[in-house]
Amino acid sequence: MISKEKIEEYIDLASYAINCEPKSFWLWVTGPDYYLDHDGSDREILEPGYELNWTCDENTRIGDLIILYRTSPKTDVKYLVQAISKPYINKDSGKFSGWHYCDAIVIYKFENSVLSKEMKQDAILADSEPVRRNYQGNQGSFVFNNMEWMELNLILQEKNPEYNNFLEALIAKNPSLKTVFPSE
1 MISKEKIEEY IDLASYAINC EPKSFWLWVT GPDYYLDHDG SDREILEPGY ELNWTCDENT
61 RIGDLIILYR TSPKTDVKYL VQAISKPYIN KDSGKFSGWH YCDAIVIYKF ENSVLSKEMK
121 QDAILADSEP VRRNYQGNQG SFVFNNMEWM ELNLILQEKN PEYNNFLEAL IAKNPSLKTV
181 FPSE
């Protein structure tokens, strides 16, 4: 269970969400090389408050909200992230050279993740592009429409009662976010 103090800390981290309204909602896909440490535990850089540079779609904008999906062996949704920069091109000569990146901050880690099989069984999410494509392609960046975003957030709220407290506090600081997150 996440303490009230931890919720307040998460709210402080979500300052971008408090100060701007997202234009788009995304599901970004990541593999175990990026979400697991060598000992099999979750990487510390995915804890709330850490800033990342991550592959993204060229249409990602500052303030956009992102759900991070983890491929096998986890196959689940575990993190809420927010874009804090415009996309830029990776000019390194490595595997992701020429891909779009943006800076982002992890603003919430779900205690209880949503599994891929749960998303496939949900009538709305089963028809979403990432689920239909089995989380493959698009360089790991899929846009969610409002209905898909709301549906996934309802499931996350149901599985994570503390997430409701986070959202209530977030919306109290920026009432316009009420249209971004569903209320149970």
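Number 132 in full-length UniProt numbering belongs to position 132 of the sequence shown; there are no gaps in the numbering. Cβ coordinates follow ideal geometry from the N, Cα and C atoms, glycine included.
query	result
Span separating the alpha-carbon of Lys-117 from that of Gly-49	29 Å
Residue span of the alpha helix (DSSP H) that contains Ser-116, given as start and end	116 to 121
Residue span of the alpha helix (DSSP H) that contains Trp-149, given as start and end	146 to 159
Inter-residue Cα distance where the pair is Cys-56 and Lys-95	15 Å
Extent of the continuous beta strand (DSSP E) run through Tyr-79	76 to 83
Boundaries (first-last residue) of the beta strand (DSSP E) holding Val-131	Not the beta strand (DSSP E): Val-131 falls in the alpha helix (DSSP H), residues 129 to 132.
Bounding residues of the alpha helix (DSSP H) (the contiguous stretch that carries Tyr-69)	That residue, Tyr-69, is in no alpha helix (DSSP H); its beta strand (DSSP E) goes 65 to 70.
For Tyr-34, three-class secondary structure by DSSP	helix
Residues bridged to Glu-51 [DSSP beta-bridge criterion]	Ile-105
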